[in-house]
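Remarks on the structure that follows.
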Amino acid sequence: MFTTFPRLVDATGFTKHNPGRPGAWEHTCLDWLEEATAQGGVAVAGVRSPETPTEQAGDLVLRRVVPVPPDESAAEDFGRRLAVTHSCGAAAFGAGPRGWAGAGYQGPNDRLLDLPLASHRTWGSYYAEVVLAPLERRVTGGVPGTGRLLARLVAGDFDDGRPPARLHGDLWSGNVMWSAQGAVLVDPSAHGGHGLTDLGFLTMFGAPHLERILDSYAEAAELPPGWRELLPLHRLHVLFLHAAVFGGGYVDEARSAVRQVLAL
Numbered sequence: 194m195f196t197t198f199p200r201l202v203d204a205t206g207f208t209k210h211n212p213g214r215p216g217a218w219e220h221t222c223l224d225w226l227e228e229a230t231a232q233g234g235v236a237v238a239g240v241r242s243p244e245t246p247t248e249q250a251g252d253l254v255l256r257r258v259v260p261v262p263p264d265e266s267a268a269e270d271f272g273r274r275l276a277v278t279h280s281c282g283a284a285a286f287g288a289g290p291r292g293w294a295g296a297g298y299q300g301p302n303d304r305l306l307d308l309p310l311a312s313h314r315t316w317g318s319y320y321a322e323v324v325l326a327p328l329e330r331r332v333t334g335g336v337p338g339t340g341r342l343l344a345r346l347v348a349g350d351f352d353d354g355r356p357p358a359r360l361h362g363d364l365w366s367g368n369v370m371w372s373a374q375g376a377v378l379v380d381p382s383a384h385g386g387h388g389l390t391d392l393g394f395l396t397m398f399g400a401p402h403l404e405r406i407l408d409s410y411a412e413a414a415e416l417p418p419g420w421r422e423l424l425p426l427h428r429l430h431v432l433f434l435h436a437a438v439f440g441g442g443y444v445d446e447a448r449s450a451v452r453q454v455l456a457l
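The opening position of the sequence shown corresponds to residue 194 in our numbering, with each subsequent residue numbered one higher.
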């Protein structure tokens with residue numbers, strides 16, 4: 194999410210103005226995801242300038258992506274590479290990128306919310322305490338049933354033993370660009386979580402050749418049967434975030450989704 198419109202620097206880069214700690218967060222997240230690119234993960238519109246952004250500078254010089262329409266082959270490649278990015282892991286569920294201290298950020302830049310990072314031994318406790326509970330408290334009128342869902346998460350009802358994945362953390366389709374070389378990730382809120390949560394974001398508003406992406410990811414990540422039934426649970430992150438920031442119909446959608454998940 195841009196605080197100002199990007200400014201083209203040259204044929205290979207553009208400047209994005211994102212000052213202060215949020216800019217440092219974006220820089221750190223991009224670098225962390227780019228480590229996975231070197232292992233075969235998804236490409237990242239990484240920081241071209243070697244300098245860490247400061248409150249005085251506030252500019253990130255990012256590599257330019259020339260967009261092209263994606264085809265099914267590109268979608269399949271994205272799914273496979275996303276599984277590789279996730280497999281590069283994190284220190285713990287709820288842990289931020291290496292070297293980052295304190296809370297991260299999530300949401301649009303003009304209405305940023307904290308992502309209160311804290312390491313957890315299990316995915317369920319992290320998802321309940323780091324992700325859903327803080328967001329639900331910001332939703333006008335609340336989301337009925339959330340307390341019961343949080344209790345089930347903390348109790349481990351949805352834990353599956355998979356290790357922490359290296360998440361993009363805001364993987365809606367607008368943060369996936371498509372170049373002639375394949376998918377390129379932008380604007381991350383990266384941290385350790387469950388890979389299905391990135392898929393939950395991706396299914397929120399749809400994506401080109403979405404089913405190809407999902408099937409390719411599932412095969413590469415060796416997901417167990419029935420994984421699609423859990424997508425509504427993992428989509429709650431983006432739903433609660435939108436309900437907290439924008440309200441309106443997202444609140445009703447979040448309430449409906451919680452009822453659906455409680456029936457699992």
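Ideal placement from N, C-alpha and C gives every residue a C-beta, glycine not left out.
Worksheet entry | C-beta atoms of Ser312 and Ala288 nearer than 8 Å | Cβ distance < 8 Å, so Ser312 and Ala288 count as in contact.
Worksheet item: Glu415: buried (16+ other C-beta within 10 angstroms of its C-beta) or exposed?
Response: With fewer than 16 other Cβ atoms within 10 Å, it is exposed.
Worksheet item: Is any beta-carbon of chain C found at less than 8 Å from that of Ala311?
Response: No chain C is present in this structure, which holds just one protein chain.
Practice prompt. Provide the residue span of the beta strand (DSSP E) that contains Val369, from first to last.
Written response: It spans Val369 to Ser372 - the beta strand (DSSP E) in which Val369 sits, taken as one unbroken run.
Practice prompt. Indicate the three-state DSSP secondary structure (helix, strand or coil) for Val323 in the structure shown.
Written response: Assignment of Val323 by DSSP, reduced to helix, strand and coil, places it in the helix class.
Item to complete: Report the rounded CA-to-CA distance for Ser280 versus Thr333, giving the unit in angstroms.
Response: Using only the alpha carbons, I get a separation of about 37 Å.
Discussion item. When you compare the segment 343-361 with the segment 379-399, are there three or more beta-carbon pairs, one atom per stretch, that lie closer than 8 Å?
Written reply: Three or more Cβ pairs closer than 8 Å define a contact, and the segment 343-361 meets that threshold against the segment 379-399.
Discussion item. Please report the straight-line C-alpha distance between Ala321 and Gly367, rounded to a whole angstrom.
Written reply: Answer to the nearest angstrom: the Cα atoms are 26 Å apart.
Practice prompt. Return the bridge partner residues of Tyr298 from the DSSP annotation.
Written response: Looking at the DSSP assignment, Tyr298 forms a beta bridge with Asp307.
Discussion item. According to DSSP, is Arg355 part of a helix, a strand, or is it coil?
Written reply: Note: Arg355 maps to coil in three-state DSSP.
Worksheet item: For Ala276, which residues from the same chain have a beta carbon less than 6 Å from its beta carbon, with the 5 sequence-adjacent residues on both sides left out?
Response: These residues qualify, in order along the chain: Tyr410, Ala413 and Ala414.
Worksheet item: For the candidate residues Val258, Leu429, Ala450 and Leu226, whose alpha-carbon lies nearest to that of Trp371?
Response: In terms of CA proximity to Trp371, Val258 leads the group Val258, Leu429, Ala450 and Leu226.
Worksheet entry | Run of the alpha helix (DSSP H) containing Ala436, from where it starts to where it stops | Segment Leu429 to Phe439, the alpha helix (DSSP H) holding Ala436.
Worksheet entry | Continuous beta strand (DSSP E) stretch holding Gly375: start and end | Unbroken beta strand (DSSP E) run through Gly375: Gly375 to Leu378.
Fill in: Buried/exposed call for Asp363, threshold 16 Cβ in 10 Å
Answer is buried; the Cβ neighbour count reaches 16.
Worksheet item: Can you tell me the Cα-Cα spacing of Phe433 and Arg274, whole angstroms?
Response: Straight-line Cα distance between these residues: approximately 27 Å.
Worksheet item: With burial defined as no fewer than 16 other Cβ atoms inside 10 Å of the residue's Cβ, what is the status of Arg405: buried or exposed?
Response: The C-beta of Arg405 has 16 or more other C-beta atoms within 10 Å across all chains shown, which makes the residue buried.
Discussion item. Quick check on Gln374: buried or exposed, where buried means 16 or more other Cβ atoms within 10 Å of its Cβ?
Written reply: Looking at its Cβ environment, which holds fewer than 16 other Cβ atoms inside 10 Å, Gln374 is exposed.
Practice prompt. Grab the span of the beta strand (DSSP E) containing Gly385 for me, first residue to last.
Written response: From DSSP, the beta strand (DSSP E) with Gly385 extends over His384 to Gly386.
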